[in-house]
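Residue numbers (the working numbering), protein chains in the order written: chain A, 54 to 417; chain B, 54 to 417.
Every residue, glycine too, gets a C-beta built ideally from N, C-alpha and C.
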DNA sequence: CTCGCGAATTGGAACGGTCCAACGCTCCTT
DNA sequence: AAGGAGCGTTGGACCGTTCCAATTCGCGAG
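Structural data, given as structure tokens:
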């Protein structure tokens, strides 16, 4: 009996060394007993050590299969002081782009034998319960924050202790925390210059809210200015829903504005800050009797599957989220190796996807 | 020194009982030392025991805050023999409906202080690595399978040991495993009877693949038959993409078929097995010069945000996925309490969402 | 003054693994 | 024949927590 009871004359009677195994899952010791070897040897087999004889290896393997033994990850990580798990903090599962990022993340992490543990920050906010803490308690080996976090409280503190990477967001900037984000300004410039290149001179922008909306708007304005044009109009499209895009586009394209402009002064092209609001603009154009792309050119952003629908077939900026995920994984792996390296900030260049929603303007 | 070194005269010199704390995160003992109490007392404070004096409680709390102590979940679950974690097996994050299910699941599980650990089965399939196994190693307290699993290998075995619930799928049926699914047949009947109620007599169906597609098809056929009609046509729409729906609809609505039917014999309504293929049909109708809903009525399925886009505005069956998630959580909690209860199978009734893609047929 | 007695606090075993030093073999060298 | 080297195998400490039995302490009763 390896684990001898120090107080042999325990009052409770014959607590013999063999455990009663009260219907618990089998342990490494159970396997060892069954195979007639020591638990150390079982451990070696589990880790695929080459210094085990074939005979014993097979005996152990047989015992494992018969008992349906599964190693206990908690016990393992307790002594190994690593969990081979990275925590992924999502802010909103509904957003389709994050799936791409996740996919990219996964491809690399999996290759390094790390599992991803995901949590939706939006879902999991109960009173005083923050996620950075939960992940710290689980002793994840790394942390990835995908998208905009509802509150950064606790994150800064977690990032001090756990290798952390921010993916798909420009904030927050923390001391030892890398950041990989989409280059929204660049993407917006791409879209705008595409329209300019087609010959458009009066280009409007349906702007979005938040930091992302702002960056895309800045990119739009920069592109317009650098070509000697003035932005025809920048309209807030609100919450980024189809409804918001629709209303904004109606304001933009509807009956002449109070300034006294005539019909011909309406914009001939619209750059929307995302695909959904772009679809709203498409609906508005249709209702107003404008043909897309003959009378009005449209460009969206995010290249979601909406843009790929034949019925819509939008030109859209593809922000290469998969690449964002892959680079974030790369950063995380590097940082796990050298936790105190200086923070790296990267931008991933997007690309324009051209379909059928833009064309040269009709000669006026 | 509580943990005395048995070999006091170790060759390595003065390995005193106090750990060197090689930059490890603080433990309960560190907190205890700092607060001048025993580790047991710290443990009691952590669990909010009422039998601790206020003075000590505050001292411990102060030490915890100063050191930034976080309890180690692995150590805790090792002795507690529970993890307060349920594993969620997803087959495809890209599918939007599953987010709803997750949301429903979460609402209940969170209330019972259980965290969800998600894994995407599609992503995580490397050689010989199955997820049911990973979750078993993590000793999750419960398992939820969301959607169609790529391979059921290992699941049956896992379900023997861990309370398991299948959500949003009709298979597999396992001994002690509950199942909560959408009533697809009912939903399809709802959609079909809606069209019949509008006066349509020639109704076609764009069928989908897999068990889900089959059930919806059965519902369609049953509804048609029970109203004394014959299904006008059932066309395989393939993979469930927009392209597939488009092609199928073109076959259905295009130039007269080889059977010699005339134009008027084309169906006046189409029930598509999901929204995406329904959009494909919409595209086809448009290209063929058919107005929706005047010349052709359409009904989709899933009530995704596609259906809600003003430009598309599809009638669609809402399969109440949130409710599926909530009921699955309920089942899981029950089963965690009584693991050997007989398996329960529930169907959640869907509801029809009416928008603008269906109308009475024009008189012929 | 001593003897319970309850409340507060503590020591140590246990949880299920990994890892390391030590052990018993066999075989080879000197 | 004695001494190593190398290989396969083993015992036991240890990881950070919980839980239980035991201990200490102050205090009122006998």
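- Separation of residue 173/A and residue 365/B (C-alpha to C-alpha, rounded to the nearest whole angstrom) is 30 Å.
- Ranked by how close their Cα comes to the Cα of residue 331/B, the residues 362/B, 208/B, 308/B, 102/B have 362/B in first place.
- Under DSSP, residue 369/A forms a beta bridge with 353/A, 406/A.
- Here residue 141/B is buried. Its C-beta has 16 or more other C-beta atoms within 10 Å.
- Contact of residue 187/B with chain A by beta-carbon distance below 8 Å involves 168.
- Those residues of the segment 114-137 of chain A placed with their C-beta closer than 9 Å to a C-beta in chain B are 121, 123, 124, 125, 126, 127, 128, 129, 130, 131, 134, 136, ordered along the chain.
- Residue-level contact by beta carbon holds for residue 335/A and chain B, with a gap shorter than 8 Å.
- For residue 299/A, a Cβ of chain B is located within less than 8 Å of the residue's own Cβ.
- Residue state for residue 206/B is assigned as coil, using DSSP reduced to three classes.
- For the set 163/B, 154/B, 143/B, the Cα lying nearest the Cα of residue 169/A is the one of 143/B.
- The residues 141, 143, in chain order, have a CB closer than 7 Å to that of residue 171/B in the same chain once the five nearest residues on each side in sequence are set aside.
- Among the CB atoms of chain B, none fall inside 8 Å of the CB of residue 379/A.
- Any Cβ of chain B closer than 8 Å to the Cβ of residue 155/A would place that residue at the interface, and such an atom is present.
- Residue 94/A holds the alpha-carbon nearest to the alpha-carbon of residue 110/A among 94/A, 124/A, 349/A.
- Residue-level contact check: residue 362/A touches chain B, since one or more beta carbons of chain B fall below 8 Å from its beta carbon.
- Per DSSP, residue 148/B has no beta bridge partner at all.
- Within 10 angstroms of the beta-carbon of residue 285/B lie 16 or more other beta-carbons, which makes it buried.
- Apart from sequence neighbours up to five positions away, the residues of its chain that approach residue 105/A with a beta-carbon distance below 7 Å are 94, 97, 98, ordered along the chain.
- Ranking 199/B, 194/B, 163/B by CA distance to the CA of residue 148/B puts 199/B first.
- The beta carbon of residue 407/A sits closer than 8 Å to those of 247, 368, all from its chain and outside the five residues before and after it, given in chain order.
- Residues of the segment 195-218 of chain A with a C-beta atom less than 8 Å from some C-beta of chain B are 210, 214, listed in chain order.
- Spanning the alpha carbons of residue 236/A and residue 357/A requires a straight line of approximately 17 Å.
- In chain order, 152, 155 make up the part of chain A whose C-beta sits under 7 Å from the C-beta of residue 146/B.
- DSSP, reduced to helix, strand and coil, places residue 168/B within a strand of the structure shown.
- With a threshold of 8 Å between beta carbons, residue 389/B makes no contact with chain A.
- Residues of the segment 75-108 of chain B with a Cβ closer than 9 Å to any Cβ of chain A, in chain order: 77, 78.
- A straight line joining the alpha-carbon of residue 308/A with that of residue 385/A spans about 53 Å.
- Chain order gives the chain B residues near residue 192/A as 78, 123, 125, 126, 127, where near means a beta carbon separation below 9 Å.
- Neighbours of residue 295/A across chain B, judged by C-beta separation under 7 Å: 362, 363.
- Taking a beta-carbon distance threshold of 8 Å, residue 345/A does not count as an interface residue toward chain B.
- Taking the beta carbon of residue 288/A as reference, no residue of chain B falls within 8 Å; the closest one sits roughly 18 Å away.
- In the three-state scheme derived from DSSP, where H, G and I count as helix and E and B as strand, residue 217/B is classed as strand.
- In this structure, residue 192/B sits near residue 130/B, with a CB-CB distance shorter than 8 Å.
- Counting of Cβ neighbours within 10 angstroms places residue 224/B among the exposed residues, the total staying below 16.
- Close partners of residue 332/A in chain B (Cβ separation under 7 Å): 362, 364.
- Residue 232/A: member of the beta strand (DSSP E) spanning 230-235, first to last residue.
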